[in-house]
Amino acid sequence: MGATEVDVLKGVDLKIESGEFVSIMGPSGSGKSTLMNLIGCLDRPTGGSYVLSGTRVDEMDEEALAKVRNRNIGFVFQTFNLLPRESATENVELPLLYSGVREPRALAVEALKEVGLGHRLDHRPNELSGGERQRVAIARAIVLRPPIILGDEPTGNLDSRTGAEIMAILKDLNAKGTTLVIVTHDQAIAAHSERVITIKDGVITSRVD
Amino acid sequence: MLFWQVIKVAWRGILANKLRTSLTMLGIIIGVAAIIAMLSLGEGAKKQVMESISRFGTNQLKVRPGAARLGHVRTGSVENLTMDDAEAIEKEVPGIRSISPSAGSMGQVKYANRNATSLITGTTPLFMEINNFPVAEGRFFDETDIKLMKRVAAIGTTVKKDLFEDGPAIGEEIKIEGQTFTVIGIMSTKGQTSWFDPDDQVFIPVSTYMRRLYNQDFLNDINIQVENYEDIPDVKKGIERVLRARHRIPEGVESDFSIRDFSEMIATMQKTSQTFSILLSGIAAVSLLVGGIGVMNIMLVSVTERTREIGIRMAVGARRRDILRQFLIEALVITVSGGLIGIALGVGLGASISFFGDWETVITPSSIALGFFFSVLIGLIFGIYPARKASLLDPIEALRYE
Ligand SMILES: Nc1ncnc2c1ncn2[C@@H]1O[C@H](COP(=O)(O)OP(=O)(O)OP(=O)(O)O)[C@@H](O)[C@H]1O
Ligand SMILES: [Mg+2]
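Residue numbers (the numbering used here), protein chains in the order written: chain X, 17 to 225; chain L, 647 to 1048.
So this is what it looks like as structure tokens:
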């Protein structure tokens, strides 16, 4: 769609094991979000290959990609990306609707309780605080129990205390076996992870294992 | 995504913009209402024809002076059908059960200080039987009255009401065109048809009409009842042969009279209702087209406004066809809601046409089904492009949309 073509990522060679907790850091504009969108199957690489649980994602058709986004990956965005007109529960029901679950409400309520929002089920996003909105987004990401959770600066719009609470929830998920990849500018948050990848101008410059 | 969930989402999208959506529905509402009204008029005309047939009987023929011209108003200026013609037909054409010549014109009728202008019809006793129009009170004139050219009259119920209100009429003297007549009977009520009130008529013996009242020799029509419906073509041919010979019409020249049976009356009636139908179907077509374009426009706006929502839905697993279906159904909910309102409006419109306009209207289930079908069709035709546009959005572009 863009008028000019920009090569954002160049020669990324990255392998993430199942159950890992990886942070991605780097200066603004370095290509972190672009990398996360590729991992999350929202974007397609113009070249190279991406293998997810043994399957070539870059060769999948749209339908298969939608299914991967639905079942295998839970995405948490910096800007929450909730539907403004729908209640917390309805937002969390969304992935369930697209996977054909007949009675989505019970599962959605369960996920909301898990992130500590059992008392805000019928509130709309604009009736919730930033931290609460991000909890709704996490509930939506985990409601189908995907093996991978991706967070693109999930605490970027939150104060440090709320950010720490959100990180605690994510770490807990990782402890239960979910693969966790997050982008962050915050050293303190990156410190929680097992591995930090630094990216600069679209090239991975360092790995701390 | 389950069907009711899609409907729920679509409904919510619509409720978020009530005013905008209702304005968009307007074209569909008017279009569908016009369809329903149009069909109800057509059905009404059909029903009216059927009723006329059952009222007058299908084995009736009418011979009238002047050449046949479908749908044209006759001025009555042709004066070539006589009592002798009627007698000749009765004698020479087989298959006729009864025949009744009649002449008529508008005339002044007075009783005391009351005044009415009614159709004065001079005819014979068989008129009642042929037209299935019996006398209700008193008596009709008989052959003796005709022979003696008596000044007696049987009046229709509208005339009775105009002149006598609830008072007694039989035995009273009325003035027709200045001459004194005695009322001997009151007709039964025939009921108004769309163009003519048969109850606003005064019946007098045809001889009195011709010799005493107007001094004329010609008839306005000859009513004939045939023995069998199937014989109508033969009887028509017979009448044609007899009258052409009597009027000395050479081979190849058009007849100076016309013989009408019900197929022609039906054609005339249908032609009139057709004019209305064409007008209404024009309105329907234009408003459905304009309404459809309005729906497309509003859906395109909606897709743009909700680009981010589409991105979010795709990010959590909506497939292209889920998005397509959602927006298509949203368009359909708009047009079908508009269609249902339009159906209700059309039914009301039909009812008021028959109430104020003297036109019978009939709502059939098939016309409602057609109105519904059109609202679905418009939704599909004009909803598919915006829905497709929504479904082809790139998830990441859509999520970035401000
Ligand atoms: N749609 C686009 N068209 C053109 N260039 C783009 C597009 N999206 C991103 N870019 C460019 O790609 C580069 C990387 O963008 P990206 O969003 O991945 O950075 P980032 O590392 O996430 O930065 P931040 O920390 O600010 O979020 C930037 O230079 C950006 O301008
Ligand atoms: Mg970014």
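Using N, Cα and C, we set each Cβ at its ideal position, and we do this for glycine too.
Practice task
Using 7 Å as the cut-off, classify the Cβ of X:T105 as near or not near the heavy atoms of ligand 1, replying yes or no.
Solution key: As a first step, residue 105 of chain X must be located in the first sequence, where it is residue number 89. X:T105 Cβ: outside cutoff for every heavy atom of ligand 1.
Problem - Members of the segment 63 to 90 of chain X near chain L, C-beta cut-off 8 Å - result: E78, E79, A82, K83, R85, N86 and R87
Exercise for the section: Inspect the beta-carbon positions of L:T1010 and L:E733 and report whether they are closer than 8 Å. Expected result: What you label residue 1010 of chain L is simply residue 364 of the second sequence in a count that begins at 1. What you label residue 733 of chain L is simply residue 87 of the second sequence in a count that begins at 1. The answer is no: Cβ separation not under 8 Å.
Problem - Straight-line gap, L:F1020 to L:G985 (C-alpha atoms, nearest Å) - result: Translated into positions along the second sequence, residue 1020 of chain L becomes position 374. Translated into positions along the second sequence, residue 985 of chain L becomes position 339. So the alpha carbons of these two residues sit roughly 8 Å apart.
Handout entry: Cβ neighbours of X:S222 in the same chain (closer than 7 Å, five flanking residues each side left out)
Key = The count along the first sequence starts at 1 and reaches residue 222 of chain X at position 206. Once the five neighbours on either side are set aside, the close Cβ partners of X:S222 are T214.
Exercise for the section: Over the uninterrupted alpha helix (DSSP H) stretch that includes L:E789, give me the two end residues. Expected result: Numbered from its first residue, the second sequence carries residue 789 of chain L at position 143. Looking at the DSSP string, the run of the alpha helix (DSSP H) that includes L:E789 is E789 to K793.
Problem - is_contact[L:E1048, chain X] using C-beta, thresh 8 Å - result: For this step, residue 1048 of chain L is matched to residue 402 along the second sequence. No, L:E1048 does not count as interfacial toward chain X.
Exercise for the section: Using a Cβ cut-off of 8 Å (strictly closer), state whether X:N53 contacts chain L. Expected result: As a first step, residue 53 of chain X is located in the first sequence; it is residue number 37 there, counting from the start. Answer yes: the Cβ-Cβ gap between X:N53 and chain L drops below 8 Å somewhere.
Exercise for the section: Compute every distance between the C-beta of X:T50 and the non-hydrogen atoms of ligand 1, then say whether any falls below 7 Å. Expected result: Taking the first sequence and counting its residues from 1, the one referred to as residue 50 of chain X is at position 34. Yes, the beta carbon of X:T50 sits closer than 7 Å to at least one heavy atom of ligand 1.
Practice task
Just the chain X side, please: which residues come within less than 7 Å of L:L1023 by C-beta, in chain order?
Solution key: Working through the second sequence from its first residue, we reach residue 1023 of chain L at position 377. Going along chain X, no residue has its Cβ under 7 Å from L:L1023, so there is no contact; the nearest lies around 28 Å.
Handout entry: L:I1052 to L:V798 span [Cα, whole Å]
Key = Look at the range of chain L in this structure, 647 to 1048, and you will see that residue 1052 of chain L is not part of it.
Exercise for the section: Starting from L:M752, follow its DSSP beta bridges and name the residues at the other end. Expected result: Residue mapping note: residue 752 of chain L aligns to position 106 of the second sequence, counting from 1. DSSP output for L:M752 lists L:L765 as bridge partner(s).
Handout entry: heavy atom of ligand 4 below 7 Å from X:D217 C-beta
Key = Among the ligands in the structure shown, ligand 4 does not appear; only ligand 1 and ligand 2 can be found there.
Handout entry: Spatial neighbours of L:S744 in its chain, beta-carbon cut-off 7 Å, leaving aside the 5 residues before and after
Key = Along the second sequence, read from residue 1 onward, the residue named residue 744 of chain L stands at position 98. Counting only Cβ-Cβ distances below 7 Å, and skipping sequence neighbours, we find L772, E775, I776 and Q871.
Handout entry: X:V226: CB within 7 Å of a non-hydrogen atom of ligand 1
Key = Residue 226 of chain X lies beyond the stretch modelled for chain X, which goes from 17 to 225, so this question has no answer here.
Handout entry: X:D168 CB to nearest heavy atom of ligand 2 below 7 Å
Key = If you number the first sequence from 1, residue 168 of chain X lands on position 152. At least one heavy atom of ligand 2 is nearer than 7 Å to the Cβ of X:D168, so yes.
Handout entry: Where X:S115 meets chain L, residues with beta-carbon distance less than 8 Å
Key = Here residue 115 of chain X is taken as the residue at index 99 of the first sequence, counted from 1. Within chain L, the residues near X:S115 are G963.
Problem - Cross-chain neighbours of X:D59 in chain L, by beta carbon under 9 Å - result: Taking the first sequence and counting its residues from 1, one reaches residue 59 of chain X at position 43. By Cβ distance, chain L contributes D1040, P1041 and I1042.
Exercise for the section: Determine the contact status of X:T178 and X:G134, defining contact as a CB-CB distance below 8 Å. Expected result: In the first sequence, residue 178 of chain X corresponds to position 162, counting from 1. In the first sequence, residue 134 of chain X corresponds to position 118, counting from 1. Going by C-beta atoms, X:T178 is not nearer than 8 Å to X:G134.
Practice task
Taking 8 Å as the cut-off, decide whether the C-beta atoms of L:G677 and L:L925 are in contact.
Solution key: As a position in the second sequence, residue 677 of chain L is number 31, starting the count at 1. As a position in the second sequence, residue 925 of chain L is number 279, starting the count at 1. No, the pair does not count as a contact, with Cβ atoms beyond the cut-off.
Practice task
Output the boundary residues of the alpha helix (DSSP H) element that contains L:S904.
Solution key: The residue labelled residue 904 of chain L in the question sits at position 258 within the second sequence. It is not in any alpha helix (DSSP H) - L:S904 instead sits in the beta strand (DSSP E) that spans F903 to R906.
Handout entry: Within 8 Å, strictly: CB atoms of X:A124 and X:L112
Key = In the first sequence, counting from the first residue as 1, residue 124 of chain X sits at position 108. In the first sequence, counting from the first residue as 1, residue 112 of chain X sits at position 96. Yes, Cβ-Cβ distance for X:A124 and X:L112 is below 8 Å.
Problem - Buried/exposed call for L:T667, threshold 16 Cβ in 10 Å - result: Here residue 667 of chain L is taken as the residue at index 21 of the second sequence, counted from 1. Buried.
Exercise for the section: Consult DSSP for L:N778 and reduce its assignment to one of helix, strand or coil. Expected result: Looking up residue 778 of chain L in the second sequence gives position 132. It is coil, neither helix nor strand.
Problem - Near ligand 1: X:V84 beta-carbon under 7 Å from a heavy atom - result: Your numbering for residue 84 of chain X matches position 68 in the first sequence. Checking every heavy atom of ligand 1 against the Cβ of X:V84, none is found closer than 7 Å.
Handout entry: Validate contact between the segment 85 to 103 of chain X and the segment 147 to 161 of chain X using beta carbons, cut 8 Å, 3 pairs
Key = yes
Problem - Cβ shell of L:D863 (< 7 Å), same chain only, five flanking positions each side left out - result: Within the second sequence, residue 863 of chain L is the residue found at index 217, counting from 1. These residues qualify, in order along the chain: T728 and M856.
Handout entry: Cβ pair X:E36, X:T195 closer than 8 Å
Key = Here residue 36 of chain X refers to the residue found at position 20 when the first sequence is read from its first residue. Here residue 195 of chain X refers to the residue found at position 179 when the first sequence is read from its first residue. Taking 8 Å as the Cβ cut-off, X:E36 and X:T195 qualify as a contacting pair.
Problem - Selected residue, minimal CA-CA separation from L:T770, among L:A762, L:T763, L:F779 and L:S764 - result: Locating residue 770 of chain L in the second sequence gives position 124, counting from the first residue. Per the Cα distances, L:F779.
Practice task
Kindly list the residues whose CB is nearer than 6 Å to the CB of L:L685, restricted to its own chain and excluding five residues on each side of it in sequence; keep chain order.
Solution key: Sequence index remark: in the second sequence, residue 685 of chain L carries index 39 (1-based). Correct list, in chain order: S1013.
Handout entry: Residues within the segment 160 to 182 of chain X neighbouring chain L, beta-carbon criterion of under 7 Å
Key = none
Exercise for the section: Check whether the Cβ of X:S44 lies closer than 7 Å to any heavy atom of ligand 1, and answer yes or no. Expected result: In the first sequence, the residue the question calls residue 44 of chain X occupies position 28. Yes, the Cβ of X:S44 comes within 7 Å of a heavy atom of ligand 1.
Problem - Span separating the alpha-carbon of X:A16 from that of L:M960 - result: This structure leaves residue 16 of chain X out entirely; chain X is present only between 17 and 225.
Exercise for the section: May I ask you to report which of helix, strand or coil DSSP gives X:P170? Expected result: The residue labelled residue 170 of chain X in the question sits at position 154 within the first sequence. In the structure shown, X:P170 sits in coil (DSSP, three-state: anything other than H, G, I, E or B).
Practice task
Using 7 Å as the cut-off, classify the Cβ of X:G47 as near or not near the heavy atoms of ligand 1, replying yes or no.
Solution key: Reading the first sequence from its first residue, position 31 is the one you call residue 47 of chain X. Flag set: Cβ of X:G47 near ligand 1.
Problem - X:N107, buried or exposed, once every other Cβ within 10 Å from all chains shown has been counted against 16 - result: Sequence index remark: in the first sequence, residue 107 of chain X carries index 91 (1-based). Buried.
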